[in-house]
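Chains as they are written, first to last, in numbering that gives the first Met the number 0: chain A, 0 to 209; chain B, 0 to 209; chain C, 0 to 332; chain D, 0 to 332.
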Amino acid sequence: MAVGKPEVLKWLEVLQQVYAENRQWLTELDSAIGDADHGINMDRGFTAVKAELAAHPPSEIRSVFQSVATALIRHVGGAAGPLYGTFFLRAAAACPRKTEIEAADVVALFQAGIKGIEQRGKAVGGDKTMLDALLPALDAMRKGLENGCSLAAILDAGAVAAHAGMLATVAMQAHKGRASYMGARSIGHQDPGATSSYLLLKAAADTWRS
Amino acid sequence: MAVGKPEVLKWLEVLQQVYAENRQWLTELDSAIGDADHGINMDRGFTAVKAELAAHPPSEIRSVFQSVATALIRHVGGAAGPLYGTFFLRAAAACPRKTEIEAADVVALFQAGIKGIEQRGKAVGGDKTMLDALLPALDAMRKGLENGCSLAAILDAGAVAAHAGMLATVAMQAHKGRASYMGARSIGHQDPGATSSYLLLKAAADTWRS
Amino acid sequence: MKKLINHPQNVPAEFLAGLALAHADILKVCLDPVYVVRVDAPVPGKTGIVSGGGSGHEPMHVGYVGKGMLDAACPGQVFTSPTPDQIEAATRAVNGGAGVLHIVKNYTGDIMNFEMAAELCQERGIEVRAVVINDDVAVEDSLYTAGRRGVGVTVFAEKLCGAAAQRGYDLARVEALCRKVNGNGRSMGMALTSCTVPAAGKPTFELGEDEMEMGIGIHGEPGRERMPLLPAAELTARMAATILADLPFRGGDEVIAMVNGMGGTPLMELYLVYGELERILRGLRIRVARRLVGNYITSLEMAGCSITLLKADDEMRALWDDPVLTPGLQWGI
Amino acid sequence: MKKLINHPQNVPAEFLAGLALAHADILKVCLDPVYVVRVDAPVPGKTGIVSGGGSGHEPMHVGYVGKGMLDAACPGQVFTSPTPDQIEAATRAVNGGAGVLHIVKNYTGDIMNFEMAAELCQERGIEVRAVVINDDVAVEDSLYTAGRRGVGVTVFAEKLCGAAAQRGYDLARVEALCRKVNGNGRSMGMALTSCTVPAAGKPTFELGEDEMEMGIGIHGEPGRERMPLLPAAELTARMAATILADLPFRGGDEVIAMVNGMGGTPLMELYLVYGELERILRGLRIRVARRLVGNYITSLEMAGCSITLLKADDEMRALWDDPVLTPGLQWGI
Ligand SMILES: Nc1ncnc2c1ncn2[C@@H]1O[C@H](COP(=O)(O)OP(=O)(O)O)[C@@H](O)[C@H]1O
Ligand SMILES: Nc1ncnc2c1ncn2[C@@H]1O[C@H](COP(=O)(O)OP(=O)(O)O)[C@@H](O)[C@H]1O
Ligand SMILES: [Mg+2]
Ligand SMILES: [Mg+2]
Ligand SMILES: [Mg+2]
Ligand SMILES: [Mg+2]
Numbered sequence: 000m001a002v003g004k005p006e007v008l009k010w011l012e013v014l015q016q017v018y019a020e021n022r023q024w025l026t027e028l029d030s031a032i033g034d035a036d037h038g039i040n041m042d043r044g045f046t047a048v049k050a051e052l053a054a055h056p057p058s059e060i061r062s063v064f065q066s067v068a069t070a071l072i073r074h075v076g077g078a079a080g081p082l083y084g085t086f087f088l089r090a091a092a093a094c095p096r097k098t099e100i101e102a103a104d105v106v107a108l109f110q111a112g113i114k115g116i117e118q119r120g121k122a123v124g125g126d127k128t129m130l131d132a133l134l135p136a137l138d139a140m141r142k143g144l145e146n147g148c149s150l151a152a153i154l155d156a157g158a159v160a161a162h163a164g165m166l167a168t169v170a171m172q173a174h175k176g177r178a179s180y181m182g183a184r185s186i187g188h189q190d191p192g193a194t195s196s197y198l199l200l201k202a203a204a205d206t207w208r209s
Numbered sequence: 000m001a002v003g004k005p006e007v008l009k010w011l012e013v014l015q016q017v018y019a020e021n022r023q024w025l026t027e028l029d030s031a032i033g034d035a036d037h038g039i040n041m042d043r044g045f046t047a048v049k050a051e052l053a054a055h056p057p058s059e060i061r062s063v064f065q066s067v068a069t070a071l072i073r074h075v076g077g078a079a080g081p082l083y084g085t086f087f088l089r090a091a092a093a094c095p096r097k098t099e100i101e102a103a104d105v106v107a108l109f110q111a112g113i114k115g116i117e118q119r120g121k122a123v124g125g126d127k128t129m130l131d132a133l134l135p136a137l138d139a140m141r142k143g144l145e146n147g148c149s150l151a152a153i154l155d156a157g158a159v160a161a162h163a164g165m166l167a168t169v170a171m172q173a174h175k176g177r178a179s180y181m182g183a184r185s186i187g188h189q190d191p192g193a194t195s196s197y198l199l200l201k202a203a204a205d206t207w208r209s
Numbered sequence: 000m001k002k003l004i005n006h007p008q009n010v011p012a013e014f015l016a017g018l019a020l021a022h023a024d025i026l027k028v029c030l031d032p033v034y035v036v037r038v039d040a041p042v043p044g045k046t047g048i049v050s051g052g053g054s055g056h057e058p059m060h061v062g063y064v065g066k067g068m069l070d071a072a073c074p075g076q077v078f079t080s081p082t083p084d085q086i087e088a089a090t091r092a093v094n095g096g097a098g099v100l101h102i103v104k105n106y107t108g109d110i111m112n113f114e115m116a117a118e119l120c121q122e123r124g125i126e127v128r129a130v131v132i133n134d135d136v137a138v139e140d141s142l143y144t145a146g147r148r149g150v151g152v153t154v155f156a157e158k159l160c161g162a163a164a165q166r167g168y169d170l171a172r173v174e175a176l177c178r179k180v181n182g183n184g185r186s187m188g189m190a191l192t193s194c195t196v197p198a199a200g201k202p203t204f205e206l207g208e209d210e211m212e213m214g215i216g217i218h219g220e221p222g223r224e225r226m227p228l229l230p231a232a233e234l235t236a237r238m239a240a241t242i243l244a245d246l247p248f249r250g251g252d253e254v255i256a257m258v259n260g261m262g263g264t265p266l267m268e269l270y271l272v273y274g275e276l277e278r279i280l281r282g283l284r285i286r287v288a289r290r291l292v293g294n295y296i297t298s299l300e301m302a303g304c305s306i307t308l309l310k311a312d313d314e315m316r317a318l319w320d321d322p323v324l325t326p327g328l329q330w331g332i
Numbered sequence: 000m001k002k003l004i005n006h007p008q009n010v011p012a013e014f015l016a017g018l019a020l021a022h023a024d025i026l027k028v029c030l031d032p033v034y035v036v037r038v039d040a041p042v043p044g045k046t047g048i049v050s051g052g053g054s055g056h057e058p059m060h061v062g063y064v065g066k067g068m069l070d071a072a073c074p075g076q077v078f079t080s081p082t083p084d085q086i087e088a089a090t091r092a093v094n095g096g097a098g099v100l101h102i103v104k105n106y107t108g109d110i111m112n113f114e115m116a117a118e119l120c121q122e123r124g125i126e127v128r129a130v131v132i133n134d135d136v137a138v139e140d141s142l143y144t145a146g147r148r149g150v151g152v153t154v155f156a157e158k159l160c161g162a163a164a165q166r167g168y169d170l171a172r173v174e175a176l177c178r179k180v181n182g183n184g185r186s187m188g189m190a191l192t193s194c195t196v197p198a199a200g201k202p203t204f205e206l207g208e209d210e211m212e213m214g215i216g217i218h219g220e221p222g223r224e225r226m227p228l229l230p231a232a233e234l235t236a237r238m239a240a241t242i243l244a245d246l247p248f249r250g251g252d253e254v255i256a257m258v259n260g261m262g263g264t265p266l267m268e269l270y271l272v273y274g275e276l277e278r279i280l281r282g283l284r285i286r287v288a289r290r291l292v293g294n295y296i297t298s299l300e301m302a303g304c305s306i307t308l309l310k311a312d313d314e315m316r317a318l319w320d321d322p323v324l325t326p327g328l329q330w331g332i
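Next comes the structure, spelled out in structure tokens:
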């Protein structure tokens with residue numbers, strides 16, 4: 000199956016709900032090793048995305064991603080704003096000008112977005128950041144694509160890998176972001192950004208499965 | 000029996016211990032309807048009295064009271080400082096230049112001191128202040144003297160009356176001092192100053208009984 | 000009790016030691032008895048201005064010593080008024096031959112200690128006048144109370160009288176000004192939390208998670224009424240209404256306003272309350288000519304705020320703008 | 000959570016509304032995107048100085064907008080760095096043709112948002128330089144952390160660069176000065192209590208009755224070490240030792256010092272700590288040439304303090320004394 004603008008919009012709608020529902024959880028994770036705002040930031044960001052998409056409905060998939068990027072960059076701030084903003088900016092740039100995108104396009108788009116996060120934040124895998132959910136997810140999705148899996152299977156594999164990656168951050172010591180100030184005391188806590196990234200992939204897998 | 004300088008000094012020594020021991024209780028009473036310092040004030044004052052008497056031993060009873068007054072006025076502050084300071088200042092003025100004072104002298108001296116508190120603070124009985132312990136005590140002592148009781152009996156009667164007066168402040172609404180700001184909410188709490196005044200009389204009765 | 004202190008008993012003294020080191024250009028701290036005095040005191044021919052009260056309200060009073068404000072301040076123990084010998088010594092130290100005004104907050108202890116000090120000064124031939132500040136509308140002023148407490152207007156009185164004395168007003172004129180300021184100023188306070196007197200070691204009172212104490216003073220003494228916490232807009236409206244009705248303030252009035260923090264409230268919240276206040280006043284055509292927003296008369300680490308309004312005439316507004324150089328208030332220099 | 004607010008989400012906006020009403024003579028608040036700017040901006044030919052960061056640190060940064068300090072400040076949500084569009088708009092508003100310096104505290108979010116903003120400005124042909132402040136000795140500066148946080152030295156950098164720009168320094172000279180200030184300043188903080196982010200509704204962390212958090216930042220983020228509460232003398236000695244060893248500061252140095260309150264600590268305690276600090280420095284023949292004692296860079300209502308020392312040369316000392324007129328710092332005007 001392929002993903003059209005309605006599916007993309009559905010994903011963003013679900014994301015808005017997901018971050019609203021998980022606002023407190025994400026904020027609590029950020030209390031332990033950060034500054035207690037990650038859930039608030041994500042919720043504010045995707046509420047702004049929803050408002051922006053409603054106010055100025057974009058004509059094509061690419062411009063949906065551009066609007067999302069702009070809304071996140073303008074309304075989130077903190078670390079999450081530029082990082083997720085860059086993700087969608089690069090995803091837009093990598094998005095073919097088609098009304099429906101295929102599995103290969105979807106993987107390419109995630110790949111570009113995640114590259115953008117790496118460049119913007121200069122973190123690497125193992126630093127205990129959102130990349131620890133995103134990089135394994137990207138790997139899994141690429142493998143799925145190589146193996147000729149369906150988009151649903153690819154996204155499921157991505158979500159599963161992101162989930163494992165998110166859990167793996169518990170044991171890590173943070174080397175980037177606010178949690179790095181705690182040194183060894185950051186060990187034992189799940190990274191909030193890795194958690195929001197897992198939720199992002201999970202929502203894609205859930206909404207684009209049919 | 001009569002009271003000489005050693006007995007007066009003994010009384011003050013006991014008072015220092017009594018206020019040290021009751022520092023917390025008096026402060027807690029003051030927390031409920033005041034500013035949580037009465038015990039601290041009394042303890043600081045009588046510790047200063049002790050130091051002053053040790054540093055400059057007075058030659059006669061009258062000058063003992065003068066030293067006490069000066070030490071209290073200099074080291075207590077708040078409402079209690081001027082009030083108890085004035086008590087001892089007037090007591091000194093009323094104290095005959097004798098090496099031993101009789102029951103009549105003791106009552107006269109308390110009478111002068113309590114008058115001083117009335118003039119300084121402009122409170123009357125029923126205002127929920129130290130006077131509600133002191134005025135009934137003075138009445139009882141005067142009656143005892145008229146009835147020809149011993150000094151020990153007179154002081155006991157004073158302490159008993161002060162105790163009853165102290166307890167009676169619980170039911171009163173404060174019209175003077177900090178507690179008056181609370182209006183009707185001051186009802187139900189025992190007045191800290193009435194309590195320290197009761198302790199003053201109790202200590203006199205206890206140390207001058209033999 | 001968690002505080003940045005050494006021994007609870009030494010807090011006021013060690014605070015003064017730090018103050019003296021930090022502001023040696025403005026003031027000096029004298030010991031035995033304790034008072035804080037302008038470096039250049041006495042200023043010959045100038046009316047002296049002395050205030051004082053319990054410690055724990057910083058920057059008031061010792062932080063208001065300096066050019067254009069107080070000549071000296073007498074700090075007592077925490078929440079305990081100073082003693083007559085402190086006040087007498089301070090008065091002597093600042094008397095430049097033109098007499099000295101005592102600005103006294105209306106508390107039984109303060110009144111009595113200042114009275115005894117004034118008697119001592121008079122015996123030494125120093126002319127002393129005392130003005131009692133009693134601006135707190137939360138306390139009913141009646142025969143059945145110790146009368147209204149002196150709170151926020153004290154800061155205004157110290158600034159304005161300090162400026163007047165610096166301009167050369169004689170004692171009688173400074174005294175008259177002080178009475179005018181007191182007569183035209185009103186305040187009210189509230190608390191979200193209690194404070195902890197260092198030597199007492201635990202909070203003076205306890206408030207529930209949804210409660211506030213309305214009509215609080217500045218000594219951690221309980222207020223007039225305990226009630227559910229209100230949103231800032233309603234809270235401000237209620238406090239303002241009580242203050243405004245009391246003088247009363249009227250449309251067309253100009254005021255100097257203060258939104259004061261009790262010590263533990265962030266500036267963010269104080270400005271938020273200030274915004275509510277100014278909107279209310281504008282709605283009533285009362286113009287805020289000057290204002291202070293911040294911690295000026297505090298209760299240790301108490302969370303909460305107070306609002307003070309002073310109906311200001313031209314004289315007061317001009318004196319307000321005069322230069323002042325103290326640790327706690329500074330402009331024009 | 001007990002705060003003087005209306006709705007948790009509206010706190011920063013309503014705070015700014017109050018600030019604008021209170022200081023209309025100094026600054027104005029622009030909305031959509033949000034930034035605070037000097038009333039007379041842009042000043043033609045003057046190097047512009049812009050800073051910004053999360054809200055909740057008041058008076059920093061918005062309280063430092065005004066003559067002799069910042070031309071504009073961009074406040075984010077509480078503890079959340081501002082967004083690129085805010086920073087870009089502020090930069091455009093203050094550019095008097097001589098370019099603009101961005102003073103950025105070293106946090107991942109701040110760095111990235113300021114970087115994105117700088118790109119946008121450069122596209123519009125505005126010359127922008129950024130200096131990253133990273134003075135917090137509590138964080139090891141290594142490949143394995145995001146690097147030292149920017150804390151107290153930010154206040155000094157904003158004051159000194161603001162004065163320099165006012166004197167006419169060009170962008171390159173102001174930038175060089177800012178790097179010099181950052182290179183010569185060190186800070187460390189500690190907390191007695193947590194703070195509560197309004198939108199989060201509960202304290203970020205919990206501390207036991209006898210515990211303190213050493214090496215805290217300014218966002219309620221946990222510090223490096225949790226330990227038993229120390230008396231002020233030992234606490235100050237320990238913080239000072241860490242700061243002094245780091246630069247290192249040496250006998251004969253002159254410093255500008257700050258004892259800063261985190262928002263919920265009474266002035267009394269801050270001066271007490273200052274007294275301890277100056278005694279330690281005197282013992283090492285380090286002279287405190289200038290100082291600040293008070294709430295300058297806070298964490299909402301957190302109780303605790305931080306110490307900042309800046310090794311100052313003649314240029315810095317002279318710039319320090321230059322006039323400044325902002326809600327948070329004011330002298331010489
Ligand atoms: N340099 C970085 N690269 C990638 N992700 C990062 C980086 N720094 C922080 N993060 C992610 O950002 C998350 C925190 O986001 P958020 O709380 O919204 O921002 P802030 O730390 O500014 O408060 C962290 O949990 C982490 O996953
Ligand atoms: N006008 C007054 N006359 C007599 N006693 C008074 C008066 N005002 C207050 N007191 C007494 O003083 C006590 C409080 O003393 P203290 O706590 O030491 O002083 P402060 O109220 O200044 O903190 C009250 O409990 C009351 O008994
Ligand atoms: Mg965060
Ligand atoms: Mg008391
Ligand atoms: Mg008291
Ligand atoms: Mg943040």
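Note that CB positions come from ideal geometry on N, CA and C, so glycine has one too.
Everything numeric in this text was worked out from a predicted model, so none of it was measured.
Residue i: beta carbon under 7 angstroms from a heavy atom of ligand 1?
i	result
Ser298/D	no
Could you name the residues of the same chain whose beta carbon sits closer than 8 angstroms to that of residue i, not counting the 5 residues immediately before and after it, in chain order?
i	result
Val180/D	Val152, Phe155, Ala156, Leu159, Cys160, Leu309, Met315
Flag residue i as yes when its Cβ comes closer than 7 angstroms to any non-hydrogen atom of ligand 5, and as no otherwise.
i	result
Gly98/C	no
Asp34/B	yes
Which first and last residues belong to the alpha helix (DSSP H) in which residue i is found?
i	result
Ala21/C	10-21
Ala70/B	60-74
Leu119/D	107-122
Can you give the beta carbon distance from residue i to residue j, rounded, assuming they're within the 8 angstroms contact cut?
i	j	result
Val130/C	Leu100/C	7 angstroms
Ser50/C	Leu69/C	6 angstroms
Any heavy atom of ligand 6 closer than 7 angstroms to the Cβ of residue i?
i	result
Phe78/D	yes
Gly80/A	no
Closer than 7 angstroms to a non-hydrogen atom of ligand 4 - does that hold for the CB of residue i?
i	result
Asp29/B	yes
Arg177/B	yes
His37/B	yes
Examine ligand 3 and report whether any of its heavy atoms sits within less than 7 angstroms of the Cβ of residue i.
i	result
Gly77/A	yes
Just reading off the beta strand (DSSP E) that residue i is part of, what are its end residues?
i	result
Glu210/D	210-213
Got a sec? Which residues, its chain only, sit under 7 angstroms from residue i by beta carbon, not counting five neighbours each side?
i	result
Val169/B	Gly187, His188, Gln189
Looking at ligand 2, does it come within less than 7 angstroms of residue i, judged from the CB to the closest heavy atom?
i	result
Asp135/C	no
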